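Structure, as structure tokens:
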Amino acid sequence: MKAYHIPETGAQPQLCNLPDPILAKGESLVRIKACGLNFADLLMIKGKYQDTPQAPFTLGLEMAGVVEALGPDTDGPAPGSRVAIYSGQGGLAERGAFPVERMVEIPDSMSFEDAAAFQIAYGTSHVALEHRARMQPGETLLVLGAAGGVGLTAVEIGKLMGATVIACARGADKLEAARAAGADHLIDAKTQDIREKVKALGGADVVYDPVGGEQWQAAFRACKPEARLIPIGFASGEVPQIPANHLLVKNLTVLGLYWGGYLKFRPDVLTDSMKTLLKWYDEGKLKPHVSHVLPLDRADEGLELLRTRQSTGKVVITP
């Protein structure tokens, strides 16, 4: 089978032929129909992601496909079932053997492309805003990187939860994507002062930040008293330093979130969240934004779109 594979530590990924996977107990063989790309894939290539697998491994954290077989003494979705999987690796391939406990059956109304773009982006935003920030209707949510894979989902979910959403992105096209997702106010990070614009709108109760760097600093200074700030990631490449004295003066709270970390100590948080999100999708309340769909032999182009921030929403690879 073809796979986009990292053969050894420090090597660049390459498209190669690998043997078909051998099933173990507790696993299912899945024919992969679509795989969503994430910024974490770029970090894994450099060995800088917190959950980078030991090489050799195949890239691709989240995927969707059809179950072809179950491992020995394994109960799980029957062959023919349509499933989405968060496995942390293995998605950029034609087939994969994955733990059944990492699978969720998807509704007939959901395409494989939508399913592959769904779990991490929507799961991260829902757990961040609902479980961590406890955001309430009527509060003001500031979303940085609002046209990215997780940013657009934060705009959508924020509106569903009753917030007034301020979306911050770079350029008119990306801001239009945020507006279409439901944003009430738009800030162009290329040309406008984030701090001043947010303060003019009354300040932020919740800050959702997958960017870091200067944008974090601007948002930090535009918070209302008792605001909650959620660092999701650091696409800018700069991890901000947080002045504790400012937290004290304005009674601010910083709430870290690593969505995948809940698999290790509170998997029920992710399970309950995904049930809610799939229900919202089936009801037509969520519409994943996939800006690019590329074949497996163009996976490197897909990753370059993320690296250079040329995509909006998600980039999906279809083996």
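Here the UniProt record's numbering is used: the first residue of the sequence shown is 1, the next is one more, and so on.
Just so you know, even glycine gets a beta-carbon here, dropped at the ideal spot from N, CA and C.
This one's a predicted model, so the numbers in the text were calculated from it and none came from an experiment.
| task | Pick out the complete beta strand (DSSP E) segments inside the region 125-160, 3 residues or longer, and give them in chain order. | result | The qualifying runs are 140-143.
| request: Going by DSSP, name the residue or residues bridged to Gln14. | output: On the sequence shown, residue 14 is found 14 positions in, with the first residue counted as 1. For Gln14, DSSP records a beta bridge to His5.
| field | C-alpha distance - Ala167 paired with Gln54, whole-angstrom precision | value | Here residue 167 corresponds to residue number 167 of the sequence shown, with the count starting at 1. Here residue 54 corresponds to residue number 54 of the sequence shown, with the count starting at 1. Rounded to the nearest angstrom, the two C-alpha atoms are 37 Å apart.
| task | Check the DSSP bridge columns for Thr58 and list the partner residues they point to. | result | Position 58 of the sequence shown, counted from the first residue, corresponds to residue 58. Answer is His5, bridged to Thr58.
| query | Can you tell which of Glu176, Phe220, Gln12 and Ala189 has its C-alpha closest to the C-alpha of His289? | reply | On the sequence shown, position 289 is the one that residue 289 refers to. With distances taken between Cα atoms, His289 lies closest to Glu176.
| Three-state secondary structure assigned by DSSP to Tyr281 | Position 281 of the sequence shown, counted from the first residue, corresponds to residue 281. It is helical.
| Would the region 233-241 and the region 201-214 be scored as touching if the rule is three or more Cβ pairs under 8 Å? | Taking a cut-off of 8 Å for Cβ pairs, the region 233-241 and the region 201-214 touch, as three or more such pairs fall below it.
| message | Does Gly123 come out as helix, strand or coil in the three-state DSSP assignment? | response | Position 123 of the sequence shown, counted from the first residue, corresponds to residue 123. Helix, per DSSP.
| The beta strand (DSSP E) spanning Ile317 covers which residue range? | Within the sequence shown, the letter at position 317 stands for residue 317. Here the beta strand (DSSP E) through Ile317 covers Lys314 to Thr318.
| Hey, how far is the Cα of Glu283 from the Cα of Pro243? | As a first step, residue 283 must be located in the sequence shown, where it is residue number 283. As a first step, residue 243 must be located in the sequence shown, where it is residue number 243. Using only the alpha carbons, I get a separation of about 43 Å.
| message | Using only the alpha-carbon positions, how far apart do Ala218 and His246 sit? | response | Working through the sequence shown from its first residue, we reach residue 218 at position 218. Working through the sequence shown from its first residue, we reach residue 246 at position 246. For Ala218 and His246, the gap between their C-alpha atoms comes out near 13 Å.
| said: My output table needs one value for Met44: the three-state DSSP class, helix, strand or coil. | reply: Within the sequence shown, numbered from 1, the residue matching residue 44 stands at position 44. Looking at Met44 - three-state DSSP - the assignment turns out to be helix.
| query | Are the Cβ atoms of Leu59 and Leu18 separated by less than 9 Å? | reply | Along the sequence shown, read from residue 1 onward, the residue named residue 59 stands at position 59. Along the sequence shown, read from residue 1 onward, the residue named residue 18 stands at position 18. The answer is no: Cβ separation not under 9 Å.
| field | Element boundaries [beta strand (DSSP E), containing Phe98] | value | Working through the sequence shown from its first residue, we reach residue 98 at position 98. Arg95 to Pro99 is the extent of the beta strand (DSSP E) around Phe98.
| request: Sort Lys2, Gly256 and Ala24 by Cα distance to Gln14 and report the nearest one. | output: On the sequence shown, residue 14 is found 14 positions in, with the first residue counted as 1. Distances from the alpha-carbon of Gln14 to those of Lys2, Gly256 and Ala24 put Lys2 closest.
| Identity of the residues DSSP links to His246 by a beta bridge | Your numbering for residue 246 matches position 246 in the sequence shown. Beta-bridge analysis with DSSP links His246 to no other residue.
| In this structure, does DSSP put Ser273 in helix, strand or coil? | Taking the first residue of the sequence shown as position 1, residue 273 is located at position 273. Note: Ser273 maps to helix in three-state DSSP.
| Mind checking whether Tyr122 and Ile157 have CB atoms under 9 Å apart? | Position 122 of the sequence shown, counted from the first residue, corresponds to residue 122. Position 157 of the sequence shown, counted from the first residue, corresponds to residue 157. Yes.
| request: Would you mind stating whether Gly36 and Leu61 have Cβ atoms separated by less than 9 Å? | output: Along the sequence shown, read from residue 1 onward, the residue named residue 36 stands at position 36. Along the sequence shown, read from residue 1 onward, the residue named residue 61 stands at position 61. Contact: yes.
| Would a C-beta distance cut-off of 9 Å place Met103 and Pro77 closer than the cut-off? | As a first step, residue 103 must be located in the sequence shown, where it is residue number 103. As a first step, residue 77 must be located in the sequence shown, where it is residue number 77. For Met103 and Pro77, yes; Cβs fall inside 9 Å.
| Cut-off 6 Å between Cβ atoms - residues of its own chain near Ala146, not counting five sequence neighbours on either side | Translated into the one-based positions of the sequence shown, residue 146 becomes position 146. The beta carbon of Ala146 is closer than 6 Å to those of Val155, Ala167, Cys168, Ala169 and Ala178 in its chain, skipping five residues each way along the sequence.
| Contact under 9 Å by Cβ, Glu113 with Thr318 | Residue numbering aside, residue 113 sits at position 113 when the sequence shown is read from its first letter. Residue numbering aside, residue 318 sits at position 318 when the sequence shown is read from its first letter. Yes, the pair counts as a contact, with Cβ atoms nearer than the cut-off.
| Can you name the start and end residues of the alpha helix (DSSP H) that Glu304 belongs to? | Taking the first residue of the sequence shown as 1, we reach residue 304 at position 304. Ala299 to Arg307 is the extent of the alpha helix (DSSP H) around Glu304.
| query | Which runs of the beta strand (DSSP E), 3 residues or longer, sit entirely within the region 170-212? | reply | Fully enclosed beta strand (DSSP E) runs of 3 or longer: 185-188 and 204-209.
| query | Comparing the CB of Ala227 with every heavy atom of the ligand MG, is any distance shorter than 8 Å? | reply | By its list of ligands, the structure shown contains no ligand whatsoever, and the ligand MG lies outside what it can speak to.
| task | Report all residues from its chain with a CB closer than 7 Å to the CB of Gly90; omit the five preceding and five following residues, and keep chain order. | result | Your numbering for residue 90 matches position 90 in the sequence shown. Once the five neighbours on either side are set aside, the close Cβ partners of Gly90 are Thr58, Gly60, Gly96 and Phe98.
| request: Out of Glu101, Ala133, Glu196 and Val30, state which residue places its alpha-carbon closest to the alpha-carbon of Leu229. | output: The count along the sequence shown starts at 1 and reaches residue 229 at position 229. Considering only alpha carbons, the answer is Ala133.
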